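Counting with mature numbering (1 follows the signal peptide of the UniProt record, and there is no 0), you get residues -18 to -1, 1 to 461 for the letters of the sequence shown. For every residue, glycine included, the Cβ atom is placed at its ideal position computed from N, Cα and C. Since the model is a prediction, treat every value here as computed from it, not as a measurement.
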Amino acid sequence: MFIITVIKLLLIALNIFPSRFTNRRIMFLIYMTNLVTHVMMDEPRFAQPIPNVTVAVGRDANLPCVVEHLGGYKVAWIHIDRQMILTIHRHVISRIPRYSITYTDNTWLLHVNQAHQDDRGYYMCQVNTNPMISQVGYLQVVVPPNILDIESTPSSVAVRENQNINMTCRADGFPTPKIIWRREDGEEIAVEKKKKVLVYDGDVLPLTKVSRNEMGAYLCIATNGVPPSVSKRIILDVEFSPMIWVPNQLVGAPAGTDVTIDCHTEAHPKAIIYWVYNSVMVLPSKKYKTDYTENSYRAHMKLTIRNLQYGDFGNYRCISKNSLGETEGSIRVYEIPLPSTPSKQVTHTTVESRESNIIPALRNDTTKSLQTDVYAMKNDLYTGSGSSLAASGSSSAASSSSSSSSMQTSLLPGGAAGNSLSALSGGATAGGPGSKGSLAIGKSMFYTERPPNEYASAAANLMLFFCLPMPLLCDAELP
């Protein structure tokens, strides 16, 4: 291509300036063209440019330099950034043993073993012609991300509930890594006034008014496109005093059975949890069985009381205590009767139905008997004769049984029927040859519609006599 270009230039020159060129000048131009062509054909030249190479730190890199028509000239490699001659021809000049050179088919290959970040930069392939010819290629050494623990938040950090905290994660690498945050359990992160996101970008994760729900493991992940990505696990502990929740504060169970009571507690740092009954800590035994289930800052405590007896009923306390405080919950265990069997219930109903039928009958008979006795006594008094009064008393006594007669006479004023009537008739004895003065006194006393107070009280005492032993038999108002 170069020869053809020279010939074209000569022909153009001859056409433009034909009068000025003599034969001698033409021969000189031809000679110079041949000389330049010969020199150019034998001079070294680069067949292709040096490619840019990217390699991860610690890996091997190769930079090729292809030179044609090198002849007796030499090829050298130079690290421009370090201003360091690495190789000349087939000899390694640098004292860095990771550099080496090989030659194959006009290709001078510079080897960089286990590349370091310092090896990053421009490399020149140079041929010592006059003037010197050279070309340049770039070696890129990339570095995977690396988290700097000394500049980051420790792997475990604690904060009091409702306070603020900033968690930091620093990383280096080339290119500069990108930092993202996420929760290990997949829950959302509350940032920027309770705005919730699954992934947060940035070196610093700000958390405001931290709650116990935000407790857990956070992952700081650093990436820059160079594998592998790295992460750091930071555990956030939110500290608060214990809290207790009691599902059932009253628990009833029959004697001789087993009963289980339980409490739920939340606390951090981890709390000491136990049961107390009658101011004594309850320990596992044949009588008591304790179960504790823990999940993060939550705990579920159960107490099983076997074979309940009279002394087992009362108040049981579940207590939770940590360095920030303590709290307790109270559960009252009370006794309930054993449920009756169906057969017993039927028998009980039958007895009740029979009693409901018998009691009204007894009550009606007794009331009628008392009313008959009182009215008979009143009528006898109205007849005006002491003998009739005595006869009425004797007939009433004869018609009644011996037991009822004794009960009635004992309750009348004076202790006996005859004595009471004699007191009312001026001292005459009932059933004897009565005095005439007793009739006038008796008539003057019973002009009212009701018997005198003495007989009224006697009737009331009769009613009380039957009502006191069997109150269900009498529901009528006493006079």
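The shortest C-alpha to C-alpha distance from Ser116 to any of Met149, Ala29, Asp183, Thr242 is the one to Ala29. The continuous beta strand (DSSP E) containing Lys303 extends over residues 296 to 304. Secondary structure at Gly307: strand, using DSSP grouped into helix, strand and coil. In terms of Cβ geometry, Cys245 and Cys202 do not form a close pair [threshold 8 Å]. Rounded to the nearest angstrom, the gap between the Cα atoms of His93 and Glu133 is 36 Å.
Here Ile318 carries a coil assignment [DSSP, helix/strand/coil].
A residue is called buried once 16 or more other Cβ atoms fall within 10 Å of its Cβ, and Val220 is buried on that count.
In the structure shown, the three-state DSSP call for Gly119 is strand. In the displayed model, Asn148 falls within a strand according to three-state DSSP. Remark: fewer than three beta-carbon pairs, one from each stretch, lie closer than 8 Å, so the segment 115 to 131 and the segment 78 to 86 are not flagged as touching.
Annotation for Asn44: the continuous beta strand (DSSP E) segment containing it runs 43 to 50. Comparing alpha carbon positions, the residue from Tyr298, Gly307, Leu290, Ala237 closest to Ala253 is Gly307. Contiguous beta strand (DSSP E) elements confined to the segment 189 to 218 occur at 198 to 205, taking only those with 3 or more residues. Taken through DSSP and simplified to helix, strand or coil, Gly293 comes out as helix. Gln108 sits in a strand when the DSSP states are folded into three classes.
Contact between Pro126 and Pro209 is confirmed by a C-beta separation of about 7 Å, below the 8 Å threshold. In the three-state DSSP reduction, Asp244 falls in the strand class (E or B). Distances from the CA of Arg215 to each of Glu170, Leu265, Thr150 were compared; the closest alpha carbon is that of Thr150. With respect to the C-alpha of Gln231, the residue from Glu169, Glu166, Val315 having the closest C-alpha is Val315. No Cβ-Cβ contact shorter than 8 Å links Ile243 with Ser138.
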